[in-house]
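Undergrad: Each position in the sequence shown, counted from 1, maps to that position plus 143 in our numbering. Ideal Cβ positions, reconstructed from N, Cα and C, are used throughout, including at glycine. Note that the structure is a prediction, hence the values are computed from the model and not measured. Before I ask anything, let me first share the structure, which is written out below as structure tokens.
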Amino acid sequence: MDCGPGSARRLAELGIAWQTITHVAITHFHIDHHSDLPPLLFAWKYGMLPRRSAPLHLIGPVGTKSLLERLATAHGEWVTAPGYPVHVTELAPGASLDLGATRLDCTKVPHTPESMAYSVSHGGRRLVYSGDTGFDAAFAQWAAGCDLLVLECSLPKSMAIVEHLTPEQCGEIAHLAAPRMLVLTHLYPPVESVDIRALVAERYDGPLVIAQDGWSTDLGD
Ligand SMILES: [Zn+2]
Ligand SMILES: [Zn+2]
């Protein structure tokens, strides 16, 4: 989900099998959430032997098709015709997508007009990813009871804006949604100078992981 700058390189560095990715879902059209789409499409075209034949399914808000066409105008027609099928599915907020054993749901969040959060359900487990969002109790309700809640946590309270979350607001959303585990990501440098863990703990005392660049762990099952 989402593929901002450096995604392709990070996947390789972390030893994740980027070659076998079949679905990419983007939450909105800010460049920090999709700029590595062309590098990924390029790597799937030229960076693999034998050549890729598996289709790539790109999922996103209404406007994703147009985004891909504009990227092809900038970079070349290989973006939309890389030699393997590229299927684009545009979802309206509230839509569900049946992916076999996995189901993808989306809901509107307050950030840009097209911004959506995603929910991935598989084998009785549910992951919710906020994408970028401002505080929204309805989103917290939608995420309620999920196993893993991944929230953006952009700015400290002193710099708060309505389009992004503060650690305090992440704590409040996690309090309302009560996930089995909370992960915070999308941290702008200023938020890293406050005690994120303590501020979240004012409202939420469950398990918390704060994302770090280039860091991964086995979270078990
Ligand atoms: Zn954004
Ligand atoms: Zn962003």
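Mind checking who ALA347 pairs with in its DSSP beta bridge?
TA: Just to set this straight, residue 347 is Tyr in the shown sequence, not Ala. Beta-bridge pairing links TYR347 to no other residue.
Undergrad: Mind checking whether LEU247 and VAL222 have CB atoms under 7 Å apart?
TA: No, these two residues do not count as a Cβ contact at 7 Å.
Undergrad: Within 10 Å of its beta-carbon, does TYR189 have 16 or more other beta-carbons around it, so buried, or fewer, so exposed?
TA: When all chains shown are included, TYR189 counts as exposed.
Undergrad: Quick one, are the C-beta atoms of VAL305 and ALA286 less than 7 Å apart?
TA: For VAL305 and ALA286, no; Cβs fall outside 7 Å.
Undergrad: With 16 other CB atoms within 10 Å as the buried threshold, where does ILE339 fall?
TA: So ILE339 ends up on the buried side.
Undergrad: Could you please give the first and the last residue of the uninterrupted beta strand (DSSP E) stretch that includes GLY314?
TA: No beta strand (DSSP E) contains GLY314, which is instead part of the alpha helix (DSSP H) from 310-320.
Undergrad: Within 10 angstroms of its Cβ, does THR276 collect 16 or more other Cβ (buried), or is it exposed?
TA: Per the 10 Å Cβ criterion, buried.
Undergrad: Would you kindly report the start and end of the unbroken beta strand (DSSP E) that includes LYS251?
TA: Taken as a continuous stretch (DSSP letters only), the beta strand (DSSP E) holding LYS251 covers 245-251.
Undergrad: Buried or exposed for THR165, please, with buried defined as at least 16 other CB atoms from any protein chain shown within 10 angstroms of its CB.
TA: Classification of THR165: exposed, given that the 10 Å Cβ count is below 16.
Undergrad: Since SER402 is in the beta strand (DSSP E), which residue starts that stretch and which ends it?
TA: With the chain running from 144 to 364 in the structure shown, residue 402 is simply not present.
Undergrad: What are the start and end residues of each continuous beta strand (DSSP E) run of 3 or more residues lying completely inside the stretch 151-184, in chain order?
TA: DSSP runs (the beta strand (DSSP E)) wholly in the stretch 151-184: 166-168.
Undergrad: Span of the beta strand (DSSP E) holding SER297?
TA: From DSSP, SER297 is part of no beta strand (DSSP E); its letter is neither H nor E.
Undergrad: Within its chain, find whatever has a CB closer than 7 Å to the CB of ALA235; leave out the 5 residues flanking it on each side and keep chain order.
TA: So the list reads VAL205, once near-sequence residues are dropped.
Undergrad: Excluding five sequence neighbours on each side, which residues of the same chain lie with their C-beta closer than 6 Å to the C-beta of HIS94?
TA: Because the chain in this structure spans residues 144 to 364, residue 94 falls outside the shown range and cannot be described.
Undergrad: Ordered along the chain, which non-local residues of its own chain (more than five positions away) have a Cβ less than 7 Å from that of THR250?
TA: Excluding sequence neighbours, THR250 sits near PRO236, GLY237, MET259, ALA260, PHE282 and TRP285.
Undergrad: Hey, would you say ASP179 sits closer than 7 Å to ALA151, going by beta carbons?
TA: Contact: yes.
Undergrad: Which value, in whole angstroms, describes the spacing of the CA atoms of TYR383 and GLY288?
TA: Only positions 144 to 364 of the chain appear in this structure, which leaves residue 383 out of reach.
Undergrad: Could you tell me whether the Cβ atoms of PRO350 and MET324 are closer together than 7 Å?
TA: It is a contact, given that the beta carbons lie within the stated cut-off.
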